[in-house]
Amino acid sequence: MLNNYTLNFVGYCLQFFALPRKRTTLVFDIDSVVIVIYGKQAGARVGYNPKKHGRRSYHPIFCFEAHFQEFWHGSLRPGDAGASTGAVPFIKRCLVKVPKEYIGATLDTIRTDFLVLPSQFVRKHNRNIVKLPHDYHYQKEFLEAGRWIEKLKLREKFRFCK
Numbered sequence: 010m011l012n013n014y015t016l017n018f019v020g021y022c023l024q025f026f027a028l029p030r031k032r033t034t035l036v037f038d039i040d041s042v043v044i045v046i047y048g049k050q051a052g053a054r055v056g057y058n059p060k061k062h063g064r065r066s067y068h069p070i071f072c073f074e075a076h077f078q079e080f081w082h083g084s085l086r087p088g089d090a091g092a093s094t095g096a097v098p099f100i101k102r103c104l105v106k107v108p109k110e111y112i113g114a115t116l117d118t119i120r121t122d123f124l125v126l127p128s129q130f131v132r133k134h135n136r137n138i139v140k141l142p143h144d145y146h147y148q149k150e151f152l153e154a155g156r157w158i159e160k161l162k163l164r165e166k167f168r169f170c171k
């Protein structure tokens, strides 16, 4: 037979562990990838391709929400599209897709390794843009610096530019 303390503990666990909390911030992770195509599929073009030079490819761009690793939005682009081609409209489409229950949430950070966003966009939307370099060693140092900043509990927003 369950006593009152056990029922209270079960209720506590359900309240804090089983149910997701209301989101107050959104963090978008944006990245692109090269997909090599073998054949003549529509929309594939010869472009940047680090492994198969001269092959047709697609260069899709993806957006994930970092807290729950949810796929947020994606766009299929031809292989000759630059890494930051269409970045601002892509981010605007991501913002439009924010569900009604997240209306109070603010977009806190956009993390990326390739985007070149116009300064007008950053100022207008007051966003924290974080560019991670491709080099693993730099990423490791950056993440360690981020942990150190968290330990100091600094509440400022930082902008990192290359």
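Counting with this note's numbering, you get residues 10 to 171 for the letters of the sequence shown.
No residue lacks a Cβ here, since even glycine has one placed at the ideal position from N, Cα and C.
Rounded separation between R120 and V105 - CA only:
Taking the first residue of the sequence shown as position 1, residue 120 is located at position 111. Taking the first residue of the sequence shown as position 1, residue 105 is located at position 96. Here the alpha carbon of R120 sits roughly 18 Å from the alpha carbon of V105.
Under the three-state reduction of DSSP, which class applies to R174: helix, strand or coil?
Residue 174 cannot be examined here, being either before or after the span of the chain that is shown, 10 to 171.
For the segment 65-72 and the segment 40-57, state whether three or more C-beta atom pairs, one from each stretch, are separated by less than 8 Å.
Enough Cβ pairs lie closer than 8 Å, so yes.
Per-residue DSSP class, three states only, for H146:
Here residue 146 refers to the residue found at position 137 when the sequence shown is read from its first residue. Low confidence applies here, because H146 scores a pLDDT of 47, under 50, leaving its location unreliable and the question unanswered by this model.
Assign I46 to one of three DSSP states: helix, strand, or coil.
Indexing the sequence shown from 1 puts residue 46 at position 37. DSSP places I46 in the coil class of the three-state scheme, outside both helix and strand.
How big is the Cα-Cα spacing for Y57 and H76?
Locating residue 57 in the sequence shown gives position 48, where the first residue counts as 1. Locating residue 76 in the sequence shown gives position 67, where the first residue counts as 1. Straight across, the Cα-Cα distance linking Y57 with H76 is about 31 Å.
F71 to F99 span [Cα, whole Å]
By one-based count along the sequence shown, residue 71 stands at place 62. By one-based count along the sequence shown, residue 99 stands at place 90. Distance between F71 and F99, taken at the CA atoms: about 9 Å.
On the three-state DSSP scale, how would you describe R65?
By one-based count along the sequence shown, residue 65 stands at place 56. In the three-state scheme derived from DSSP, where H, G and I count as helix and E and B as strand, R65 is classed as strand.
Could you tell me the alpha carbon to alpha carbon distance between V36 and E74, rounded to whole angstroms?
Locating residue 36 in the sequence shown gives position 27, counting from the first residue. Locating residue 74 in the sequence shown gives position 65, counting from the first residue. Approximately 6 Å between the Cα atoms of the pair.
Report the residue from T94, F80, E79 whose alpha carbon sits nearest the alpha carbon of R86.
Numbered from its first residue, the sequence shown carries residue 86 at position 77. It is T94 whose Cα lies nearest to the Cα of R86.
When we look at the beta-carbon of R51 and count the other beta-carbons within 10 Å, is it buried (16 or more) or exposed?
In the sequence shown, counting from the first residue as 1, residue 51 sits at position 42. It should be noted that the sequence gives Ala, not Arg, for residue 51. Burial call: exposed.
If we ignore side chains and look at the alpha-carbon of each, how far apart do H82 and P59 end up?
Taking the sequence shown and counting its residues from 1, the one referred to as residue 82 is at position 73. Taking the sequence shown and counting its residues from 1, the one referred to as residue 59 is at position 50. So the two alpha carbons sit approximately 25 Å from each other.
Do you know whose CA, among T34, T33, S41, lies nearest D89's CA?
Along the sequence shown, read from residue 1 onward, the residue named residue 89 stands at position 80. Closest option to D89, judged by alpha-carbon separation, among T34, T33, S41: S41.
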